[in-house]
Amino acid sequence: MTEHAVVISGGGPTGLMLAAELTLAGVDVVVVERRTSQDLVGSRAGGLHARSIEVLDQRGIVDRFLAEGRTAQVAGFGGVRLDISDFPSRHNYGLALWQKHFERILGGWVEELGVRVLRGTEVAGLTQDGAGVDVELAGGRPLRAEYLVGCDGSRSPVRRAAGIGFTGVDPTRSWLIAEVELTEEPVDWAARHTAAGINGMSKLDDGRIRVLISEDTLGPATDPTIDDLRAALIDVWGTDYGVHSHGWLSRFTDATRQATAYRAGRVLLAGDAAHVHAPIGGQGLNLGLQDAVNLGWKLAQVVTRTSPEGLLDTYHAERHPVAAHVLRTTLAQSALRGTDDRTKALTESIAEVLAFDEPRRYLGGVMSGLGLRYDLGAGHPLLGRRMPDLDLTTADGPLRVYELLHQARPVLLTFDEPVDVPSSRVRVVEAEYNGIWELPVLGVVDAPTAVLVRPDGYVAWVGTGTREGLPDALSTWFGA
Ligand SMILES: Cc1cc2nc3c(=O)[nH]c(=O)nc-3n(C[C@H](O)[C@H](O)[C@H](O)COP(=O)(O)OP(=O)(O)OC[C@H]3O[C@@H](n4cnc5c(N)ncnc54)[C@H](O)[C@@H]3O)c2cc1C
1056 MTEHAVVISG GGPTGLMLAA ELTLAGVDVV VVERRTSQDL VGSRAGGLHA
1106 RSIEVLDQRG IVDRFLAEGR TAQVAGFGGV RLDISDFPSR HNYGLALWQK
1156 HFERILGGWV EELGVRVLRG TEVAGLTQDG AGVDVELAGG RPLRAEYLVG
1206 CDGSRSPVRR AAGIGFTGVD PTRSWLIAEV ELTEEPVDWA ARHTAAGING
1256 MSKLDDGRIR VLISEDTLGP ATDPTIDDLR AALIDVWGTD YGVHSHGWLS
1306 RFTDATRQAT AYRAGRVLLA GDAAHVHAPI GGQGLNLGLQ DAVNLGWKLA
1356 QVVTRTSPEG LLDTYHAERH PVAAHVLRTT LAQSALRGTD DRTKALTESI
1406 AEVLAFDEPR RYLGGVMSGL GLRYDLGAGH PLLGRRMPDL DLTTADGPLR
1456 VYELLHQARP VLLTFDEPVD VPSSRVRVVE AEYNGIWELP VLGVVDAPTA
1506 VLVRPDGYVA WVGTGTREGL PDALSTWFGA
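If you use our numbering, the sequence shown corresponds to residues 1056 to 1535, in order.
Here you go:
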């Protein structure tokens, strides 16, 4: 039996990001991925929201993604575009980039970091004891790990095997989605409205056509066939356009569910394994990425014995409410999709409200992820919020805050007097910054004299002239 500190089941966006975070922290991790090749993913998610772009910037890899995608104002609610271009962020926009490209680029970085990915291998079961987890592989020798993380999607075998509940709202409708070739291309590419909803076709960058069709009723739980797609095309467009060569054909629903616990002993869940919802609002991949960045450094500190196991409970405490909120806004947006007169009136009323600045900023903060605050107690408004990417002057010259986070290590920034931290775990940087401190949604806040920034870019402690609370914050987050 091969032993690893951490085994990750699933090498989608969440699993890959988590593997990278653990590797940056020096933890021995292996990813078990059922797909034989990274290419075998459909276009799926259409892009990233602003906070995810910042997270990639924190690791020094954002330019790879920006180079291949297209920046645009993508945050929206109830059909209203929420322009966040006035938010104080270097990335006050979204990025249109298909998931298959996102995974390829992320996978390239993961490979550079030397992460081992066992492709074409499937996690089939698990048994945990006080010291670790035996991870059963279909047709292979088992693995032994101190911790197993299920990043294996909405049907997560790890979640099921760990006996973690997945509760929420049952699906009411479904969509067919496919990437195909057509013998005759449509003359008119405009979306078609049917009683079931909106249907559309668009050309992908490889020349294939992405088809999205709303189904009249909730489709069966079985995988759809090319004949199902033909019939659906004829229903909407009156022709199947000679559809052939489908690479990806799938059905998704508006099922809205969340894991009742993100941790059961030595088993943790992240990404779609922990939460699913309809794709309206484009949140799923973003949530998974940020789950990974929240969990990575905590799990690393636990397996390196820097912090006690209890640190892992802050993962559930912080990330569960975030996904619960996303599930709620997604359900609300699903409800606003109705075409009856009452729903239309409600949608129009919401659009009127969103024309005002404060509601636009609030929901812009929610949908972009830039307004997120973890509940780390009362205090300065920065506490629990993302650290802004300020331009600092340091002894090493000018530096952006996010450059200091590239190695996923905690940073203590001091703007008044130097401070002695009796630990090499936290990098202390004496910096000068004379600009304003402005946060998305909140606006300008009082300038702190020091801030402790976690590896995920969230502020764990704020100094306002004194060092009161710093020793506690250091030991809470980075070990005694
Ligand atoms: C049509 C559509 C549009 C979407 N649009 C957006 C959008 O615009 N923005 C957005 O943020 N999100 C969007 N999403 C959601 C997004 O695709 C998911 O949230 C995202 O893929 C979740 O990533 P993940 O890594 O958690 O899970 P997944 O991407 O599902 O990856 C799970 C991985 O686990 C592997 N696996 C499963 N079982 C096993 C096993 N037993 N052993 C080993 N490996 C296993 C799978 O092969 C897969 O690679 C959309 C989804 C759909 C369907």
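Glycine residues also receive a C-beta, built at the ideal position from the N, C-alpha and C atoms.
Item	Value
Cβ contact check for the segment 1213–1224 and the segment 1169–1186: 3 or more pairs under 8 angstroms	yes
One or two residues paired with HIS1330 in a DSSP bridge	GLN1313
Where VAL1496 falls: helix, strand or coil (DSSP)	coil
Which of helix, strand or coil DSSP assigns to ARG1513	Note that residue 1513 corresponds to Tyr in the displayed sequence, not to Arg. Here TYR1513 sits in strand by DSSP.
ALA1060: first and last residue of the uninterrupted beta strand (DSSP E) it sits in	1057–1064
Cβ neighbour criterion (16 or more within 10 Å) applied to ALA1122	exposed
Between the CA atoms of ALA1316 and GLY1220 - distance to the nearest angstrom	7 angstroms
Alpha carbon of THR1238 to alpha carbon of ARG1415, nearest angstrom	44 angstroms
Minimum length 4: unbroken alpha helix (DSSP H) runs contained in the segment 1327–1397	1339–1358, 1368–1390
Identity of the residue in LEU1288, VAL1224, TYR1202 nearest GLU1364 by Cα	TYR1202
Per DSSP, cross-strand counterpart(s) of PRO1453	THR1448
LEU1231 versus ARG1210, THR1448, ILE1253, residue with shortest Cα-Cα distance	ILE1253
Inside the segment 1197–1232 only - beta strand (DSSP E) runs reaching at least 3 residues	1198–1205, 1221–1224
Cut-off 6 angstroms between Cβ atoms - residues of its own chain near GLU1240, not counting five sequence neighbours on either side	none
Pick from GLN1313, ASP1475, GLY1124 that is closest to ALA1328, judged by C-alpha positions	GLN1313
Top-ranked residue by Cα proximity to VAL1408, from TRP1292, LEU1304, GLY1134	GLY1134
With 16 other Cβ atoms within 10 Å as the buried cut-off, status of TRP1244	exposed
Check: ILE1232 C-beta below 7 angstroms from any heavy atom of ligand 1	yes
Per-residue burial, ASP1041 [other beta carbons within 10 Å of its own, 16 or more giving buried]	Here the chain comprises residues numbered 1056 to 1535, so residue 1041 is not present and cannot be evaluated.
Simplified DSSP state of MET1442, which is helix, strand or coil	coil
Per DSSP, cross-strand counterpart(s) of THR1272	BP columns for THR1272 are empty, so no partner.
CB contact flag (LEU1079, GLN1462, <8 angstroms)	yes
C-beta contact flag for ARG1495 and SER1107 at 8 angstroms	Note that residue 1495 corresponds to Pro in the displayed sequence, not to Arg. No.
VAL1172 CB to nearest heavy atom of ligand 1 below 7 angstroms	no
Close beta carbons around ILE1289, own chain, < 6 angstroms, minus the five adjacent residues each side	ASP1295
Proximity to ASN1341 [Cα-Cα], best of LEU1095, VAL1456, LEU1425	LEU1425
Run of the alpha helix (DSSP H) containing TRP1153, from where it starts to where it stops	Per DSSP, TRP1153 belongs to no alpha helix (DSSP H) and is neither H nor E.
Inside the segment 1095–1171 only - beta strand (DSSP E) runs reaching at least 3 residues	1125–1127, 1149–1151
Distance between LEU1427 and ALA1379 (C-alpha atoms, nearest Å)	13 angstroms
Heavy atom of ligand 1 within 7 angstroms of PHE1132 beta-carbon	no
CA-to-CA distance, MET1442 to VAL1499, given in whole angstroms	13 angstroms
For ASP1189: DSSP bridge partner residues	THR1182, ARG1199
Span of the alpha helix (DSSP H) around VAL1291	1281–1292
Counterpart residues of ALA1486 in DSSP-defined beta bridges	THR1449
Beta-carbon gap between VAL1517 and VAL1508 smaller than 8 angstroms	no
Proximity winner among ALA1319, ARG1089, GLY1351, VAL1381, relative to ILE1335 (alpha-carbon distances)	VAL1381
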